[in-house]
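Each residue of the sequence shown is one higher than the one before, starting from 0 at the first, in numbering that gives the first Met the number 0. Here the structure is laid out as structure tokens; the discussion comes afterwards.
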Amino acid sequence: MCGIFGGVLKKGAIAPLIHDGLKRLEYRGYDSVGFATIDAGTLQVKKDAGRIDDVVRRLKMNNMPGSMGIGHTRWATHGAPEMVNAHPHTDCNGNLAVIHNGVIENFMELKEELLNKSHILKSRTDTEIIAHLIEEELKGDISLQEAVLKSIRRLEGSYAIAVISTLDPGKILVARNESPLVLGVSKDGTFCASDVPAMLPYTNQVVYLRNGEFAILDQDGYEIRLVSDSTVVERSLEEITWSQEMAEKHGYPHFTIKEINEQPTSLRGALRLQPQYLGLLTALLDRGREVFLLAAGTSYHSCIAASYMFSRLARITAFPAISSEFIEQYGSSVGVDSVVLCVSQSGETYDTLKAIDYARMKASTVLGITNSVGSTLTRVSRAYIIQQSGPEIGVAATKTFTSQLMVLAQLALRLALMKGKISQDEGDDFRENLLRIPDVVEETLNRNKTHVMDLVDKYGGEQLFVFLGRGISSSTALEARLKLLELTYVPSLAYPAGESKHGPISIIEEGVPVIFLCPRGESRKGIVGGIMEMKARGARIISVCEEGDHEIIGLSDDVIEMPKGIKDIFSPIPYVVPLQLFSYYLAVQKDLDPDMPRNLAKSVTVP
């Protein structure tokens, strides 16, 4: 849940590059920041709590000397966001510095051991013990590399670690287990980072470190070894085709609105999946006695929608499961005949990976949908699909959500054809409808920006919102409500509309805004009844409905009209978009930073 960046340059100062790299990783954490560099045999460390630019300016960190160094931007897991808990952490003698992303599960045991050996620990973090473990190992008159490896072998939990030391001042030593770490090579030097966008200004030649691997970086390149026995690992560089511009704001004020507006492009990318991969996942899904759709957060909402798609189109039951609850809820029934389709934007979500490990232990077939090539999910899945969204920097998922839905819709449709549950003509009709969706989303964005801003002006002072939908639109309601919570912190509820009378209706009083998702389809008749129930209790009705749906328009106080013709089974993809806009513009009206909501981080890589 933190961001790591480091580099060894052939010439020039590394500190400004660390600053730039960490800014590109600010979506991973932003409550404190620190740099460590080595120059003329001396280790220098500067760090403090606060946003990256503020801390760097106040401490003049860009002026730190040295052509090699490491930096860290933090999202707190152990210890409050304070200077003493900021990374890097050092040993007692100030000879080495460590940065870390992840959670060391046995740190209390190791901390007690180190305290008994007279080490002085200053922070409340789990990371600091790594520096002191290495210091302790170095007392055995071994090399820095051996000391780091021996220390890492004692760690239990998740980590991406980077170490520098005056004992070997031209190298960065890194290791990875369950937390992402990428290496990059250019003519000017070698880099490491938590994610590719941090390195794109300097190189597009990268290699992904895998679980249980250790690497030594110097100005000329890298060497990868296994943590377990130091065996050398050969792995070629990969070329990243993302341009630097793709990881920047394109002139938008925030990444979030940039990425909302990128959805027509990302959806077209999701429609260009190679047929053999879709075919492989479909065939494996068809073999399962039962199918579990495993995810967390926004990805879980895409799985709820997918459960309707699989049921309606392919006539199979697919169980959407929250990653953190999967083992307790379904663990006893998962087995060799189970298929677990895991959906994760980052491919590194801790709870999802933990559930995957359990499913694999029970001999289940694990499949994946992710946006991150080389992520852990891609390596542990029997087969996987990359959803082709490109980098998403805003913490609140927008384009990755709709791309996930597009991939899942294609799987459901292909499975329906494979099983003979729909005719080829029906399949062609559904396929044509899917192909229209990028254009529909583009039209929705173009026609609704000003109207949504007007709605924000009208309803921006409200203290409660309720989102309701029926059928597959209940997933749209859940995701729209999550965006409002993430970006604006405004309390809100989301329910299947038929459930509203079983409790939620009790909070409805005069003037409460209730947002209904109203695509034409099988569930629309029930939505009319829900609107009437809410109107009778004084609610103000905002409906997202098809253009020209005069019945819904006549019952509503305000409407967002959507282009005609999209089948309701695919409606969550376009219908969530204007509500993403609503949440974004409301956050801006409230003078909040939509790219970095409080207490949240992009990739949840800790338990």
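Built from N, CA and C at the ideal position, the CB exists for glycine as well.
The three-state reading of DSSP puts R413 in helix, counting H, G and I together.
Residue pairing of G2 in beta bridges, as defined by DSSP: T72. Taking R152 as the centre and dropping the five residues before and after it, the same chain places the C-beta of V226 closer than 7 Å to its C-beta, in chain order. The alpha-carbon of R314 is positioned some 22 Å away from that of P518. Within the stretch 458–491, the complete beta strand (DSSP E) segments at least 3 residues long are 464–468, listed from N- to C-terminus. With contacts defined as CB atoms closer than 8 Å, M531 and V513 fail to qualify as a contacting pair. C91 and E347 have their C-alpha atoms some 33 Å from each other. Taken in chain order, the unbroken stretches of beta strand (DSSP E) that lie wholly in the stretch 207–269 and span 3 residues or more are 212–217, 220–225. Between the alpha carbons of F318 and G139 lies a distance of about 54 Å. Unbroken beta strand (DSSP E) stretches of 3 residues or longer found wholly inside the stretch 295–365: 317–321, 337–343, given in chain order.
Annotation: the continuous beta strand (DSSP E) that includes I514 extends over 512–517.
R539 carries a strand assignment under DSSP once its states are collapsed to helix, strand and coil. The C-alpha of E81 is placed about 11 Å away from the C-alpha of T124. The alpha-carbon of M452 is positioned some 18 Å away from that of Y488. DSSP assignment within the stretch 71–126 yields the following whole beta strand (DSSP E) runs of 3 residues or more, N-terminal first: 95–103. The beta-bridge partner set that DSSP reports for V54 is empty. Looking from the CA of V290, the closest CA among L277, G278, K149, A305 belongs to A305.
Nearest Cα to M561 within the set S491, T443, R430: T443. DSSP places G529 in the uninterrupted alpha helix (DSSP H) bounded by 523–534. Apart from the 5 residues on each side of it in sequence, G497 sits with its Cβ closer than 7 Å to the Cβ of R469, G525 in its chain, given in chain order. By the C-beta density criterion, L483 is buried, having at least 16 other C-beta atoms within 10 angstroms. In the structure shown, the three-state DSSP call for Q204 is strand.
By DSSP's assignment, F34 forms a beta bridge with K45, G70. The shortest C-alpha to C-alpha distance from G156 to any of L114, H99, P200, E134 is the one to H99. Taking 8 Å as the cut-off, the beta carbon of L366 is found closer than this to the beta carbon of S380. In its chain, beyond the 5 residues on either side, E391, G393, T397, K398 have a beta carbon closer than 6 Å to the beta carbon of E258.
Judged by DSSP secondary structure, S157 falls outside any alpha helix (DSSP H) and instead within the beta strand (DSSP E) spanning 156–164. Under the 10 Å beta carbon count, N370 is surrounded by 16 or more other beta carbons and is classified as buried. Between the alpha carbons of T36 and M63 lies a gap of roughly 7 Å. Around the beta carbon of I506, fewer than 16 other beta carbons sit within 10 angstroms, so the residue counts as exposed. Annotation for T281: no beta strand (DSSP E) segment contains it, though the alpha helix (DSSP H) segment containing it runs 274–285.
As DSSP reads the structure, F190 sits in a beta bridge with G6, G183.
As DSSP reads the structure, P495 sits in a beta bridge with G468. If you draw a straight line from the Cα of L283 to the Cα of T364, it is about 8 Å long. Using a Cβ distance threshold of 8 Å, S193 and I3 count as a contacting pair.
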